[in-house]
Every structure is written in C-alpha cells, then in structure tokens.
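This note's numbering puts the sequence shown at residues 7 to 477. First the structure, in the form of structure tokens, and then the observations on it.
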Amino acid sequence: MNNNNFRATKKVVVDAGHGGSDPGAINGNVYEKDFNLEVANYIYNRLKELGVPVYITRDTDETLDRNERVSRILNAFGNNSDVIVLSNHINAGGGEGAEVVYALRNEETLARSILDEIGNAGQKKRSYYQKRLPEDPSKDYYFIQRLTGNTEPVLIEYGFIDNKNDLYKLQNNLLDYGEAVVKAVTNYIGVPYIPATPGIDNNIYIVKKGDSLYSIANKYGITVNELKAANNLTSNLLNVGQTLIIPTINPDITLPENYIVYTVKKGDTLFKIASEYNISVNDLIDFNQLTTTSIVIGQQLLIPTNEEETNTITYIVLPGDSLWKIANNCNITVDDIVKLNSLQTTIIQPGDELKLSKNCNINTDNNPDNNINENDIKHVVTKNETLYSIAQKYGTTVDDIIEYNNLSTNVLQLGQILYIPNTSEYINYYVQPNDSLYSISRRFNTTIDAIKKLNNLTSDTLYINQLLLIP
Ligand SMILES: [Zn+2]
C-alpha cells in the first residue's frame, strides 16, 4: 500500500450543532449540545490526522446563530460542491436509533454509507432520507441544507436523548459512531482509512526541502524505523511535498513504559504479530482495545516490549536549570522538549525527569538510573537534608553513600539524586500517577494495612515518586 502521495479531493466542514445558550434537545441535565461538541471534535481531529482538509464550526460551548454558522461553513473552503458538511446532532421525540438527512441537491450515497457504518458500530439504524419544507416543497426543511449553497451537507442524528437505550449508547459509544462517520467519509472521498489506535495520535507531516528521515524522526522524538514502519517506506528517499504520518503519543492516555508502534503489513494476522513479538494474542487484543480480531493493512498496533527505548535519554533537572538552558545545550527548541515530554507548563523543578533525544549532548551522570542497580533506592534530596540525616534514614553510613554515589563533596544540592544500596528484604516501590494504596496492595498481593504499618503511614494520601516499602 502506498498512502504517501494521496491528495484529498474534497474538504470537510464539521459542524457541532447548537451550543452556548442553545442546548438543543435536553434530558434532565444532559444536553444535546455537549454530545454534538464531543463527537464533532473527535471527527475533526481524526480527519485531520488522516490528512483531510477539515474545519470545525465551533470547538467550544459557543452560541452560534444561524447566520454565523452558515457563514463559517461557506467561508471555510468556499461555496463549492466539493465541500462536505457534517452537522452533528442528537434527536429527541420518542424514537430509537440513528438517522442521516441529506440535501435535495445531493445523492444518497454519503448519507447511506454513514448510516451503514454507524449501524456496523452497533447503533440501531432508522433511515437516511431527504426532508422538504412544508410551505415550499422545493426547498430543504433544515437550514443546514437549505442555506448552505452548493456544499454537500448531511445532518447526522446519532440517537434519541429521551430514549433509555440510546442515552446509554450516547454516553458510552458516541465516539465509536464518530469513528464510523470518519470511516464512511474517508471511503467516500477516496482517502485511505486507518483505524484509530488507542494512545496514538497520527500527525501529518509534509516533507520540506532539506528534510531527511533522520531529521524528521528526531524532531518528533521517534526512531527512523518507527517513521518508516508507520509509512510503509522501504527506502530512505523522500520527496519534497510527500505526506508522512507521524505517530505521536496522546498525552491523555496512560501507556506502559516500553512499547513499539507496529504498522500492519500485507499478510499479517494478530497471531503472526503476537508470535513475532513473543506476546499472546489476548494481550495484543487487550492492549489495543480491539473489538475484533480482523486487522487491516496500515493499522497501527501498540506492542508492549521489555526493551528500553533507545532513542531517548532521561535527564534529571538540576538546580538552576531551565528548559531554555537545556534546549540550548541540546541544540533543540524549548518547544521540542515540551512536545517530547507532553509538558503542560514550561516551569521545571530540580529532580524532574525529562526525556531528551539521545543525540543530545548533555551530561546525564546525575541520573543514577544510567549507572546503578535497579533495586537500589532512589533518593531525591529535599530541603534541610544532610548526608548524615539521609544515612540515618536508610540505615547506612555517610561514607557508604559518598562511595556509592561517587561524590566529591559532602555538600548536597536540592533535587540531587542519591542512590542508596538496597539491603532491605522489602520491595521498594515508587508511587506512580493514579496509584492508590488499594491498587498497590492488589498489585503486590498484600493489604493496605500491612503497607501502612511498614511505612508508618498515618493517612491514605500518597504522592508521586513516594517510596513505599512493600512487605
Ligand atoms: Zn439538534
């Protein structure tokens, strides 16, 4: 398959119906406008990552009157028949299932295909149809079709907010129906459809003069091999203007520490891939939240591995560091670091861990993980600590700590990392984001009380990177 040089022949405007002071249909405190926004944003992002020119009428809870909405639609890509408008809505009035309405000026193909795919995604199909204005049957009933010129608008009603079954589906499966729309639309406009991979957002990159696979991979913090795999490239040659898919990590989803992104090739089966990477088919299914065992060429799968990532190094922030200083040392931009680490802020603290490209010429000796035994205790020096107090804490000696950490001075810096040889019979566990005493006790097959007692905990509150001894 070669999906590197496609050009989308059509453009898409995604419309989130209602919004702001206009809630649309209501059931108690559940509003149509919120569902519409959620599914519209999803479709917009997915089409964008698949390389389709796309615009969204609103991406927040904004009030849009009819004129403003129509003008945004017509201004996005012009008043042309190659512009598809996907207007997202939720029905009310006592029915059940999905409906798609298409304009009097258009054929049924797109509407039928959207409804079919929503049906394949598990929603009940009602019908696809055209609707005429009673006072003038030569005109469309809905303004999204009547007032939108030459465009090809479809109004998608995903289900009924006042139907119990539909409401459950809207609250749990709406994005599956959004994905169904993406599939139908890409098929309709002739753009290769690649299913969504949990945890991965695909970005599209257009090759510029002077780019190489290496420079692009480096820019996004991935390896040349990952980049080639994601694009089914067999050679290292690039053409200016060529479209590349960049697999990047979605920061909203927690991924395991080590994994690779695998792009399905011709002849692959889940079984074949699983045996190649020495994992079970079930793990592969669970890990990728697959709902079927059939896979398609170009689909991306996450494969858990035990191997360390080799294209990044971990740098531990020192007192006095700033992102600017680190970026400068690395010959990259602050933005590169922010992206690679999915940072929400540019403020960093001593002791923070940063992923950097392994080509970065920076001293990581202060990162004990690079030198020392993984069973050892990692201690981050906090305010008022001395070598003596730390030695006391871990039942070791000042000299042992100096020796073990190759220290040339007794003066400690805030945020400095010290490594303490672990002679304890207990497991050292560092609290991870989203951990609770309960989840940890389950993981190590012990009890909350046993953990609290061993660690002298008086409350259930944990903090990230807190060291717990596990009995
Ligand atoms: Zn509506």
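Glycine included, each C-beta is placed from N, C-alpha and C at the ideal position.
query: Could you give the first and the last residue of the continuous alpha helix (DSSP H) run that contains LEU43?; result: 38-55
query: Between which two residues does the beta strand (DSSP E) holding THR320 run?; result: 318-322
query: Whole-angstrom Cβ separation of LEU80 and THR154, contact assumed at under 8 Å?; result: 7 Å
query: Run the proximity test for ALA31: is its beta-carbon closer than 7 Å to any non-hydrogen atom belonging to ligand 1?; result: yes
query: Please work out which residues of its chain come closer than 6 Å, Cβ to Cβ, to ASP168, disregarding the five sequence neighbours upstream and downstream, and give them in chain order.; result: ASN33 and ALA98
query: Are the beta-carbon atoms belonging to VAL93 and ILE162 less than 8 Å from one another?; result: Sequence inspection shows Ser at residue 93; the Val mentioned does not correspond to that position. Yes, Cβ-Cβ distance for SER93 and ILE162 is below 8 Å.
query: Do VAL45 and LEU53 come within 8 Å of each other at the CB atom, strictly closer than that value?; result: no
query: Tell me the DSSP secondary structure of SER445 in three-state form.; result: helix
query: Rounded to a whole number of angstroms, what is the C-alpha to C-alpha distance between ASP327 and PRO356?; result: 8 Å
query: Regarding ILE79 and ligand 1, is the C-beta to nearest heavy atom distance less than 7 Å?; result: no
query: Quick one: is GLY57 buried, meaning 16 or more other Cβ sit within 10 Å of its Cβ, or exposed?; result: buried
query: Which partner residues does VAL91 have in the DSSP bridge list?; result: VAL19 and PRO159
query: By DSSP's criteria, VAL106 is part of a beta bridge. Which residues make up the other side?; result: TYR134 and ILE162
query: Give every residue of the same chain whose Cβ lies closer than 6 Å to the Cβ of GLU158, excluding the five residues on either side of it in the sequence, and list them in chain order.; result: ILE90 and ASN112
query: Looking only at C-alpha atoms, which of GLN305, THR415 and LEU110 sits nearest to PRO143?; result: LEU110
query: ILE476: beta carbon under 7 Å from a heavy atom of ligand 1?; result: no
query: Whole angstroms are fine: how far does the CA of SER221 sit from the CA of ASN242?; result: 12 Å
query: Express the C-alpha separation of THR352 and THR402 in angstroms, rounding to a whole number.; result: 37 Å
query: Expressed to the nearest angstrom, what Euclidean distance is found between the alpha-carbon atoms of PHE166 and PHE41?; result: 11 Å
query: For a test of your reading of the model: does the CB of GLY99 fall under 7 Å from any non-hydrogen atom of ligand 1? Yes or no.; result: no
query: Any heavy atom of ligand 1 within a distance shorter than 7 Å of the CB on GLU38?; result: yes
query: As a quick exercise: from GLU114, VAL344, ALA127 and ASN126, pick the residue whose alpha carbon is nearest that of TYR134.; result: GLU114
query: Put SER119 into one of helix, strand or coil per three-state DSSP.; result: helix
query: Can you pull the DSSP bridge partners for GLN306?; result: THR269
query: Check whether the Cβ of GLY25 sits closer than 7 Å to any heavy atom of ligand 1, and report yes or no.; result: no
query: Report the CB separation of VAL437 from TYR469 in whole angstroms; it is logged as a contact under 8 Å.; result: 6 Å
query: Would you mind stating whether VAL197 and GLN248 have Cβ atoms separated by less than 8 Å?; result: no
query: Within 10 Å of its beta-carbon, does LYS39 have 16 or more other beta-carbons around it, so buried, or fewer, so exposed?; result: buried
query: Counting only runs that start and end within the region 340-415, where is the beta strand (DSSP E) found for 3 or more residues in a row?; result: 359-363 and 383-386
query: Are there 16 or more other CB atoms within 10 angstroms of the CB of VAL417, so buried, or fewer, so exposed?; result: exposed
query: For LEU424, which residues in the same chain have their Cβ closer than 7 Å to its Cβ, ignoring the five residues on either side in sequence?; result: HIS385, VAL387, ILE396, ILE407 and ASN411
query: If you run the structure through DSSP and keep just helix, strand and coil, what is TYR432?; result: coil
query: Please report the straight-line C-alpha distance between THR15 and ASP88, rounded to a whole angstrom.; result: 7 Å
query: Can you grab the Cα-Cα spacing for the pair GLN151 / TYR108, in whole Å?; result: 8 Å
query: Nearest-angstrom Cα distance between HIS24 and LEU70?; result: 7 Å
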